[in-house]
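Colleague: For reference, the structure I am asking about is given below.
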Amino acid sequence: MDWNFLIFAVLKIAAVLGVLMTMVAYAVLAERKISAFIQDRVGPNRVSLPLIGSIPIIGPLLTRWGIWQPLADGVKSFLKEDFTPSHVRKIYFWLAPAIALVPAFLVVAVIPFGSTLGAQKMVIADLNVGILYTFGIVSLGVYGIVLAGYASNSKFPFLGGIRSSAQMISYEIAMGLSVIPVFLIAGDLNLGGIIDYQAQHGWMILYAPLSFPIFLVSAFAETNRLPFDLPESETELVGGYHTEYSSMKFALFFMGEYANMLAGSAMMVTLFFGGWTLPFAGLDTAPALGEWWKGLLHIGIFIAKMLCFMGLFIWVRWMLPRFRYDQLMDLGWRRMIPLALANIIITAVVVMLMNS
Amino acid sequence: MIVKRTQLTWWERLYLPALIGGFKVTLRHFKNTITGRTRVTQQYPEEPTKVPPGYRGAPYLVRDQDGDTKCVSCQLCEFICPPKAIKIIPPGDSGLQSDRANAEKMPREFEINMLRCIFCGFCQEVCPEEAIFLKQDFSLTGLARGEMVFNKEKLLSLGGTHAGIQKWKHKLDEAEEQETFPIQT
Amino acid sequence: MSAPAITETKSATPVAPAAPPPVEKIKIKVDGREIEVPKMMPDWQGRLQPTTMLQACQLAAQEVPHYCYHPKLPIAGNCRMCLVEFGTPMMGPDRKPVLNEDGSTKIAKSVLPYEPTTPRGAIACATPISPGMEIYPSSPATKQMREAVLESLLINHPLDCPICDQAGECKLQEYSVEHGQAQSSFVEAKVHKPKAVDLGPRIVLDDERCILCTRCIRFTKDIAGDDALGIVNRGSYNTIAAWKPGAFDNNYTLNTVDICPVGALTSKDFRFQMRVWFLKETKSLCTSCGTGCNTVIGSREEKVYRYEPRQNDAVNSTWMCDSGRLNYKWINRDDRLKDVLVSGAKSTWTTAIKEISGKLVKAPQGSVAIVASARQTTEELYLLKKLASKLGALTDSVPREGEGDKLLVNADKNPNSNGARLTGIAFTEMGINLPKIADGIRAGRIQTLIVFGEDVTKCGIGADVLAKLDTLIVSDILPNETTRKAHYLLPGCAHVEKRGTFVNVKGRLQKFMKAVEPKGDARPEWEFLHDLVENLTGKNGYASIEGLFNQMAKDVPAFAGLEWGKLGDTGVTVKF
């Protein structure tokens, strides 16, 4: 029993979960505020805490930024009436939000969010087949939505669930295929290894330029974000698969969606944009023991890059109209997958030629 | 009719120009709002809403220049009100005298249920005496349903004065000028 | 006002119908359509007079607007509203009609002799038709005539519509919309006359609104027989007045309110009570005396506001007496019986009916007596008679005599005396059995008394006699001495709250409909009587008033052949 490992693992898990949950909450706020600004309005700007709100200058400023809004949302989720309609299949109804939420958190288990902090590597599970694990878990994410649609026993959730499951499994394939060139080039399935490769040779996006767009589009589709948000399109399907859910269960779905987005951003950062490294100022190497501040800086860099991608997710939402369902499936099967396959073949040929 | 479908160039078909255009538009809106060039949001309770003239707010009864109730209980508004929000009790045999010379009728009770009122303005349009007007109030609240049924006193107090043609007074003046019959009011 | 058709008495019992005399008809054209109309038609007194153009137009389904004309009043011809353009066949010097090229008769339109381009209208109410006449009620000239007349009438008419009681049933309003001008070019001061004049104990006169059609004067003089009204002052200052203040007080004054086409004469009782367009109109009958004048109940939301007469040429023409008309206020009295009381305690219908049925089933023959009011409907009396036959009970009604007059008021103040007689509850001399019932109770032979709608303490069966009874079952609508002593008190309904029929003193069976809901727990008497009779005789069937009436028509010989659906609005005569 390696107690050391166990204790540190538990600590890392707790830390990651904590940070992730906070980021989810503030991702909601960021989405609301950024969406508002894009739409010529202001977004949440009223929630104010009793004492902190009265600190001059800073208090009103924070209120205007809506910093405390996630707090209010959380309180609302807890206090709102959480009822189960009579026509649902209760077990699955209760199970579905959990299944939707958990895979997102599981995915971040393999992602290196920093270099090292002291003696500990900043990754919860340094798997040798990290990416396989990731794709396995992502496939599980389909179940949550499908189960929600099925259990709700109602027209619109059913349609939303069906559409979502078809969409997600279609784009899973494209996602998986698009990432293979990365590993062909790096030669290592370990995510930490990918980052080391990028630290030495430059960001992967320069070497696999076609992979990144395909992966990006597939990530949008996997997280049910516009322009692929048919399963929950409010204007077409009432609420899609989460119509019948209220209060805490709906909050779980919501959190699951944003957690998925964060996980997807983390994947993109790790695979294509160098993870926790920056190509200058010696930030591309793991710090020596004692340079704990560099470790923290690496974590900060990672989070910053992740936030950029989050911003992209939010930004794209208001840019593009929604794909129609047949257009969506057409894109996934007839364009993304052939493109990804072609990408693999070309990359393979190039790698072979370069190695010989 | 024939709809011309423009042929897209291969660059346009890649969809990248559209994407970039989208990015530019949203970024422009974002910058304008965050720097404050676009200010459309009204912070409601702090910034009161100014309603335009002719706004259809809550209906109230009005008095004329001399402070008399203008309503003569003709019950046309009660009839035309689509959700039947108005309920009028005519004077009947109560002996209630109009508080205005020469118009013999005045409602004994006049109730408008503000929860039923749809602010359509039909009552104002149909009133032959210009006695009911839709004023500027739009945020009516109460703690009980009974509170939101406004009776005659409340409606008169909220309505204020609306100077107009004092038809009944003119008739009385005209009649008193004519010497033929002694006029009793 | 519909055209008075040639009345033929409808008989319920098979009697050889008298062959109507052959009707002489004249061919005329109304608006280009040829129509055959009788040459003579009944006038306001029912005597045959030459058909007027207005009657002919009514037969051709063309309503000619009019104010002073009334089918039941002598013709005056002073309002000029019924002016219509017309033409008669042009006669040549050889007294033969001049023909057109195509052989049809040439029509000479009536024109002013000194201005042949101006059509001369004739007042349709007073001008008789002639063969070959052509009437043009829709021609532009007629329309212009009507506009002109309305313009003249509106010159001095006050702008009182918001406060005038006649709004909604005012002929001036209706014809102004249909036939009047949209704009007024009148800028002078109107003539002002006295307003709200007290013309009689029940009538308010507003002189400004009067259009001087003189319908009220003609009615009061010729129909009511009381020459009380007339026009005073000259020219624009014409005013209706009573010959002495307070002289207009006969028992038919409120009919002038009905016939006044504008709001000049209004009822003090109905003044400012409710706008007429809110009133639901239900066809019913007056219950104040045996004449059974046909009425229309004006009610809104379970409150009765007024009665108005309805036309029935066989009973009341188009009139009604004031005493009957104002007799609706008791319906809303606070002390109306609302609860079923068993031994003074509030109970339910099921309990009461069960107990009463139980007691009646066990009652020995001849130990029950029934006093049923002649104010009950025929169906209720029929059900009570069934009960009486089953129990071998003595039955009777209470007579109610008062003063009648020569017009509509009958001395018998019970609306359904003949109904009581025909169903067998009462006899030709009503009340003859009441002393027998009183004796029976005193002797102890009669132990159960059922009283419907009467206060028996006032007709020979005093409180001490009632105290001897085992069971006193009373159904009534207002409390009285008898209801206070009842063991079982079943609240009933006023005639406005139920459906049924009455038979008037002349033997006319008329039906009336329901206007308002019963108060509290009250139920129509025929409904709970039906339950009671069912419990005793075990027969099932009629759950509606229609079924009950049809069943009664089969059982009572005088009503043979009648059906509720065929009774119509004016009733049928029965033989008795």
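Those sequence lines, one after another, are chains C, Z and W. Here the first sequence stands for residues 1 to 356, where the numbers follow our numbering. Here the second sequence stands for residues 357 to 541, where the numbers follow our numbering. Here the third sequence stands for residues 542 to 1117, where the numbers follow our numbering. All C-beta atoms, glycine included, are put in the ideal place defined by N, C-alpha and C. Keep in mind that this is a model prediction, so the values were computed, not measured.
1) Going by Cα to Cα distance, which pick from Asp748/W, Thr761/W, Asn792/W, Phe760/W is closest to Val773/W?
2) Considering only DSSP beta bridges, list what Ala36/C is partnered with.
3) How many Å lie between Ala15/C and Trp3/C at the Cα?
4) Cα separation between Ser898/W and Val1015/W?
5) Using the beta-carbon count (16 or more within 10 Å), is Asn792/W buried or exposed?
6) Which of the residues in the segment 808 to 820 of chain W, read from start to end, lie with their CB under 8 Å from any CB of chain Z?
7) Helix, strand or coil for Glu995/W? Go by DSSP, reduced to three states.
8) Determine which residues share a DSSP beta bridge with Lys570/W and list them.
9) With DSSP collapsed to three states, give me the class of Met352/C.
10) Which two residues bound the contiguous alpha helix (DSSP H) that contains Asn774/W?
11) In terms of alpha-carbon separation, which member of Asp937/W, Leu935/W, Ser938/W, Asn955/W lies closest to Glu944/W?
12) Could you check the C-alpha separation between Ala665/W and Arg877/W for me, to the nearest Å?
13) Residues of chain Z with CB closer than 7 Å to the CB of Phe215/C, please, in chain order.
14) Output needed for Phe1069/W: all residues of its chain with C-beta closer than 7 Å, excluding positions within five of it in sequence on either side, in chain order.
15) Near Gly149/C, what residues of its chain come up, given a Cβ to Cβ distance below 6 Å and the 5 sequence neighbours on each side ignored?
16) Starting from Phe302/C, trace the alpha helix (DSSP H) both ways and give me its first and last residue.
17) When the cut-off is 8 Å and only beta carbons count, does Thr389/Z lie next to chain C?
18) Keeping to the same chain, check which residues put their C-beta closer than 7 Å to that of Met815/W; ignore five residues upstream and five downstream.
19) Against chain C, does Thr541/Z count as a neighbour if the rule is that its beta carbon must be under 8 Å from one of theirs?
20) Am I right that Ala174/C and Ile337/C are in contact with their C-beta atoms under 8 Å? What's the rounded C-beta distance?
21) Looking at C-beta atoms only, is the number of pairs between the segment 581 to 600 of chain W and the segment 617 to 631 of chain W that lie closer than 8 Å three or more?
22) Do Cys473/Z and Ala414/Z have their beta-carbon atoms positioned less than 8 Å apart in this structure?
23) Within 10 Å of its beta-carbon, does Gly721/W have 16 or more other beta-carbons around it, so buried, or fewer, so exposed?
24) What are the boundary residues of the alpha helix (DSSP H) that Gly628/W is part of?
25) Below 8 Å on the Cβ atoms is my contact criterion, and I expect Arg163/C with Tyr325/C to pass it. Report the Cβ-Cβ distance as a whole number of Å.
26) Could one say the Cβ of Pro447/Z lies closer than 8 Å to chain W's Cβ atoms, at least one of them?
27) In whole angstroms, what separates the C-alpha of Arg636/W from that of Pro583/W?
28) Check the C-beta distance from Asn974/W over to Val1044/W and give it rounded, since I have them as a contact under 8 Å.
29) Answer with yes or no whether the minimum CB distance from Thr425/Z to chain W is below 8 Å.
30) Can you list the residues of chain W that Phe435/Z reaches, using a CB-CB cut of under 8 Å?
31) Quick check on this structure: which residue in Leu17/C, Thr243/C, Ser265/C has the alpha carbon closest to the alpha carbon of Met154/C?
32) Mark Thr918/W as exposed unless 16 or more other C-beta atoms lie within 10 angstroms of its C-beta, in which case mark it buried.
33) Taking the alpha carbon of Glu172/C as the point to measure from, which residue in Val350/C, Gly332/C, Leu339/C has its own alpha carbon closest?
34) Compare the C-beta of Tyr778/W with all C-beta atoms of chain Z and state if any pair is closer than 8 Å.
35) Rounded to the nearest angstrom, what separates Val1113/W and Lys870/W at their Cα positions?
36) Under the three-state reduction of DSSP, which class applies to Pro638/W: helix, strand or coil?
Modeller: Concretely, from the data shown:
1) Checked all of Asp748/W, Thr761/W, Asn792/W, Phe760/W; the closest Cα to Val773/W is Asp748/W.
2) Paired residues: none, contrary to the question.
3) 18 Å
4) 14 Å
5) By the 10 Å Cβ count, Asn792/W comes out buried.
6) Asp810, Arg812, Phe813, Gln814, Met815, Arg816, Trp818, Phe819
7) coil
8) According to DSSP, which records beta bridges pairwise, Lys570/W is partnered with Glu575/W, Glu675/W.
9) helix
10) Unbroken run through Asn774/W: none, as it is neither H nor E.
11) Asn955/W
12) 52 Å
13) Within 7 Å Cβ-Cβ: nothing; Phe215/C doesn't reach chain Z, min ~16 Å.
14) Trp890, Ile894, Leu1031
15) Pro157, Phe158, Gly160, Gly161, Tyr241
16) 292 to 317
17) Taking Cβ atoms only, chain C reaches closer than 8 Å to Thr389/Z, which makes this a yes.
18) Counting only Cβ-Cβ distances below 7 Å, and skipping sequence neighbours, we find Arg841, Tyr846.
19) Confidence is the limiting factor: at Thr541/Z the pLDDT is only 42, short of 50, which leaves the residue's position unreliable, though a coordinate-based value still follows. Not an interface residue.
20) 5 Å
21) yes
22) yes
23) Result: buried.
24) Not the alpha helix (DSSP H): Gly628/W falls in the beta strand (DSSP E), residues 624 to 630.
25) 6 Å
26) yes
27) 31 Å
28) The pair is not a contact, with the Cβ atoms about 20 Å apart (cut-off 8 Å).
29) Taking a beta-carbon distance threshold of 8 Å, Thr425/Z does not count as an interface residue toward chain W.
30) In chain order: Arg816, Trp818, Phe819.
31) The amino acid at residue 154/C is misidentified as Met; the sequence shows Ser. Minimum Cα distance to Ser154/C is reached at Thr243/C.
32) Result: buried.
33) Gly332/C
34) yes
35) If you take the alpha carbons of Val1113/W and Lys870/W, they lie about 29 Å apart.
36) Reduced to three states, the DSSP call for Pro638/W is strand.
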